[in-house]
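So, in structure tokens, the structure goes:
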């Protein structure tokens, strides 16, 4: 799907957000952290699993919930959150 969009609508230019979304999703999934990032999970499901776009806004909710993890930005720059 994305290759067709890149060819047909973007004259061969590559989309930047979809590969990054996929990489981050796979990283979070491998660390068991998807539940902490519901918006990213939902966007991945729309982009790669065919879920409807409306699911993006349906999944947004405000919760009184403490932050489970404090992340070091360097961990994300290197895509190595092991030990962060």
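In the numbering used here, the protein residues as written are 373 to 456.
Just so you know, even glycine gets a beta-carbon here, dropped at the ideal spot from N, CA and C.
If you're wondering where the values come from, they're calculated on a predicted model, not measured in any experiment.
For residue i, I'd like the list of residues in its chain whose CB is within less than 7 Å of its CB, leaving aside the five on either flank, ordered along the chain.
| i | result |
| --- | --- |
| residue 409 | 400 |
| residue 385 | 378 |
| residue 419 | 390, 393 |
| residue 375 | none |
Buried or exposed: residue i, going by 16 or more other Cβ atoms within 10 Å of its Cβ?
| i | result |
| --- | --- |
| residue 377 | exposed |
| residue 381 | exposed |
Considering just the uninterrupted stretch of the alpha helix (DSSP H) at residue i, what are its terminal residues?
| i | result |
| --- | --- |
| residue 378 | 374-381 |
| residue 421 | 410-421 |
| residue 396 | 389-402 |
| residue 407 | Per DSSP, residue 407 belongs to no alpha helix (DSSP H) and is neither H nor E. |
As a quick exercise: from the options, pick the residue whose alpha carbon is nearest that of residue i.
| i | options | result |
| --- | --- | --- |
| residue 414 | 404, 402, 397 | 397 |
| residue 416 | 375, 430, 390 | 390 |
Does any CB atom of chain B fall closer than 9 Å to the CB of residue i?
| i | result |
| --- | --- |
| residue 430 | Checking the listed chains, one finds no chain B in this structure; it contains a single protein chain. |
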